[in-house]
Amino acid sequence: MKVRGLAGVAALVLGAALLGVPAAQAATTPATTPATATGTTAAVDEPVALAATFNDPAGSGAAQDAIRNQLISLVNRTPAGAEINGSIYLFTDGGVSSALIAAKQRGVKVKVIVDGDAVPDFEPGSNPPKATGSEYSALAAPAALGTDLAADSWVLACPSTRGCIGNRVLSASDDGAINHNKFFLFSRVGVTDNVVFQTSANLTTSQRKNLFNNAVTVPDGGSGLYSAYRAYWQDLATNGASGAGLATYYRTQQSGPYKTYFFPRKESAGSTYDNDASTDTVVSLLDNVDCAGGATRIRIGMYAFTRVQVADKLVALKQAGCGVELLHNGESGNLGSAVQDALTGRLDLAARCQGSAANGDGTARTIGIHSKYLLIEGTYLGSANRKVVFTGSHNYTFPNLRSHDETLLKIDDAGVYDAFRANFEKIKASGHCTAW
């Protein structure tokens, strides 16, 4: 089995499997203040706040672990009788699996969906070995969550040849659809009902130690966001457990200040998967930007970027007066050659993030970016002075748009925006990104 679905983009960077570790302290940041990488574990009776959390792979252990520690904190604060629903691509983090198993043992219903690539401990044939799913077997054990879908707790692996919903193979060079999601849902955390945790990070060592990632913790607050995610999660479970999957699924829902976009989305009839800008969700979002007056700014932190239609739109917005900056991962193949040609010399900043940091044993590791966010500040949908964040699991590649199980989340909140902008500026100034 190969790690599927990047269709010409280099495979995800994966780290060695984690051993089980105690639940660490979490970073929770109110949306009204800039996000930090470290913090203290919240009290059980403390309400869950709208929060942005960012790891720092070049920082201390706590800074590296900030996102996973936030997730563990939410799991640990989930009371008996509540339910946790997760969907994750790759899973090698023993600390998170231990917290989930402990939650089940104290009476929480824990139901987790992983991609088929997360079933083996390592990607078969990889050299050096790439850890993909060492925690699946731990979760699947009868004494842990088990695999009985009629039980209160279980772990489900999507079919090995597709995602849980998506089943499309785009081309001869495409390995097929995957469940690329990275979210957890909590029916209750402490005294707060219906909490969504959406991240860009897989639960692997490399995602913490080598790559900049982001997460948001969103209490529903009557918005309907939790129910939108919950319905999508149920569709992942239903289609993943039986049937042949779907070639297209696209759903959107406005939920107060939030909007969800669930993929895959098929191109229009008569088009090919890679030439239809009219059904490229990111292009459509950028169509809502007004650059008149030169006050609008667009900032993108992106792991993989191969859709030239998005690149062309960014160039058009820059030419119309917007400020446009891009940070992208430097791994070979993560920036498409057509995208690079379209962008070269045409943005305010395009920077490749591929720095280095020392390990404890003196060896070096590569530091890149795995986040997937779009920040818009200025005139959007006809309103001035907007601050909007789009984040989730969605890279700017054709598989992420056309075949994968994916989530894109819009957050219309100035405090969350300010936290993401601070993260963007921190990464830009970190020395790990080089302009080209």
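For the sequence shown, numbering that gives the first Met the number 0 begins at 0 and goes up steadily by one.
Where is the CB? At the ideal position from N, CA and C, for every residue including glycine.
Taking the Cα positions, Y88 is about 16 Å away from L400. Here the alpha carbon of G162 sits roughly 25 Å from the alpha carbon of Q308.
The beta carbons of Y257 and S222 sit closer together than 8 Å. With fewer than 16 neighbouring CB atoms inside 10 Å of its own CB, N274 falls in the exposed class. For T216, the CB contacts under 6 Å within the same chain, skipping 5 residues up- and downstream, are A50 and F196 in chain order. Here D44 is exposed, its C-beta having fewer than 16 other C-beta atoms within 10 Å. Note that the C-beta distance between Y372 and N180 is not below 8 Å.
Comparing alpha-carbon positions, the option among M301, F183, G391 and C290 lying closest to G377 turns out to be C290. Comparing C-alpha distances from T295 to each of I375, P128 and V168 shows the shortest one belongs to I375.
Three or more Cβ pairs closer than 8 Å define a contact, and the stretch 72-86 meets that threshold against the stretch 175-190. A357 is bridged by DSSP to A363. Setting aside the 5 residues that flank it on each side, D279 is surrounded in the same chain by Q308, each with a C-beta closer than 6 Å to its C-beta; the list follows chain order. Among the bridge pairs identified by DSSP, P256 is matched with none. Between the stretch 407-417 and the stretch 381-396, the count of Cβ pairs shorter than 8 Å is three or higher; the stretches touch. Looking only at F262, W153, R67 and K317, the smallest Cα-Cα distance to F397 is reached by F262.
Under the three-state reduction of DSSP, N68 is assigned to helix.
For D151, there is no enclosing alpha helix (DSSP H), as DSSP marks it with neither H nor E.
Per DSSP, D417 is not a residue of any beta strand (DSSP E); the alpha helix (DSSP H) it occupies stretches across A413 to K427. Assignment of G391 by DSSP, reduced to helix, strand and coil, places it in the strand class. Sequence-distant partners of N193 (beyond 5 residues in either direction) whose C-beta falls short of 6 Å from its own C-beta, in its chain, are D219 and Y225.
For K386, same chain residues with a beta-carbon under 6 Å away, outside a window of 5 residues either side, are E376, A413 and Y416 in chain order. By the C-beta density criterion, G300 is buried, having at least 16 other C-beta atoms within 10 angstroms.
Following the DSSP letters along the chain, one finds D192 in no alpha helix (DSSP H) but inside the beta strand (DSSP E) bounded by residues T191 to T198. In terms of Cβ geometry, I112 and G292 do not form a close pair [threshold 8 Å].
Taken through DSSP and simplified to helix, strand or coil, D219 comes out as coil. Taking E82 as the centre and dropping the five residues before and after it, the same chain places the C-beta of K108 and S186 closer than 6 Å to its C-beta, in chain order.
Per DSSP, reduced to three states, the secondary structure at D116 is helical. In the structure shown, R264 falls within a coil segment according to DSSP collapsed to helix, strand and coil. The beta carbons of A117 and Y135 sit about 5 Å from each other, so the pair counts as a contact at 8 Å.
Looking at the DSSP output, E405 sits in a beta bridge with F262. In this structure the stretch 360-369 does not touch the stretch 122-136; the number of beta carbon pairs closer than 8 Å is below three. Taken atom to atom, the span from the alpha-carbon of G106 to that of V47 is near 21 Å. In the structure shown, the three-state DSSP call for V281 is helix.
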